[in-house]
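These protein sequence lines are chains A and B, in that order.
Take 1 as the starting number for the first sequence in our numbering and just add one per residue.
Take 1001 as the starting number for the second sequence in our numbering and just add one per residue.
For each residue, glycine too, the CB sits at the ideal point set by N, CA and C.
Treat the numbers as computed from the prediction; the structure is a model and nothing was measured.
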Amino acid sequence: DGGITQSPKYLFRKEGQNVTLSCEQNLNHDAMYWYRQDPGQGLRLIYYSQIVNDFQKGDIAEGYSVSREKKESFPLTVTSAQKNPTAFYLCASRTPGQGLVNTEAFFGQGTRLTVV
Amino acid sequence: QQQVKQSPQSLIVQKGGISIINCAYENTAFDYFPWYQQFPGKGPALLIAIRPDVSEKKEGRFTISFNKSAKQFSLHIMDSQPGDSATYFCAALGRSDQKVTFGTGTKLQVIP
Chain A
1 DGGITQSPKY LFRKEGQNVT LSCEQNLNHD AMYWYRQDPG QGLRLIYYSQ IVNDFQKGDI
61 AEGYSVSREK KESFPLTVTS AQKNPTAFYL CASRTPGQGL VNTEAFFGQG TRLTVV
Chain B
1001 QQQVKQSPQS LIVQKGGISI INCAYENTAF DYFPWYQQFP GKGPALLIAI RPDVSEKKEG
1061 RFTISFNKSA KQFSLHIMDS QPGDSATYFC AALGRSDQKV TFGTGTKLQV IP
């Protein structure tokens, strides 16, 4: 089955610790994205990557880092510099539109991160 | 800068009624408009999408209406059911866009 797999589903972090959220896709999509969702809120873009070994900051990149060493994988590290990391994190992927074809994003099932 | 404005923020509809969620955009380069449905604790899932060369698209009980001149589009859920209770996001993107622009979401509750 093709899809996007995020792990773990739940993650607890002590203050001052770095944690890494996994995102793997087997859809052969070039572009991958990380979003943060707070309770009752919309989706805020953290980082995105259009191709391997390249990524750009989104709207709320401070306190986060990413890597894109493989097309299938786009891990997100929440660093100790992120002052309020408790949130629901969503990974997405898509094939950027070419010519007359445009494509929507497909999402994983999310990771809920809680600081304890 | 919010490029896609979504309303209402929340909506309560009785079972069997019509749920209507509206979105408006500013960027005339947008040419693809998907809608997503998100249940609590889950990732958003694509529900239905439309291109601006058509004014309406229907899939089952879900219909998108599109008004290109007004730069507005809306989602209509006919015969709303309690199982439709979820958060709905509209989105927009253009052919050269690297990012998808999302609305702020509408929490729909369908009551029996």
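Under the three-state reduction of DSSP output, D1053(B) falls in the coil class, being neither helix nor strand.
Sequence-distant Cβ neighbours of T1028(B) in its own chain, meaning closer than 6 Å and more than five residues away, do not exist here. In its chain, beyond the 5 residues on either side, Q1003, V1004, K1071, A1092 have a beta carbon closer than 7 Å to the beta carbon of Y1025(B). Taking 9 Å as the Cβ-Cβ cut-off, the stretch 1082-1102 of chain B approaches chain A at T1087, F1089, A1091, L1093, G1094, R1095, S1096, D1097, Q1098, K1099, V1100, F1102, given in chain order.
For A105(A), no beta strand (DSSP E) segment is defined, and its DSSP state is neither H nor E. In the three-state reduction of the DSSP assignment, D54(A) falls in the strand class. Taking 8 Å as the upper bound on Cβ-Cβ separation, chain B lies near residues A31, Y33, G40, Q41, G42 of the stretch 23-42 of chain A. Under the Cβ distance rule, L45(A) counts among the residues neighbouring chain B, one pair being separated by less than 8 Å. Taking the Cα positions, F1066(B) is about 23 Å away from F106(A). Secondary-structure assignment with DSSP links R112(A) through a beta bridge to Y10(A), F88(A). Scanning K1099(B), G1103(B), L1075(B), F1102(B) for the CA closest to the CA of I1020(B) turns up L1075(B).
Contact annotation: in the stretch 1035-1050 of chain B, residues whose CB is within less than 9 Å of a CB in chain A are Y1036, Q1038, G1041, K1042, G1043, P1044, A1045, L1046, A1049. DSSP, reduced to helix, strand and coil, places G1083(B) within a helical segment of the structure shown. Taking C-beta atoms as the reference points, L113(A) and R13(A) count as a pair closer than 8 Å.
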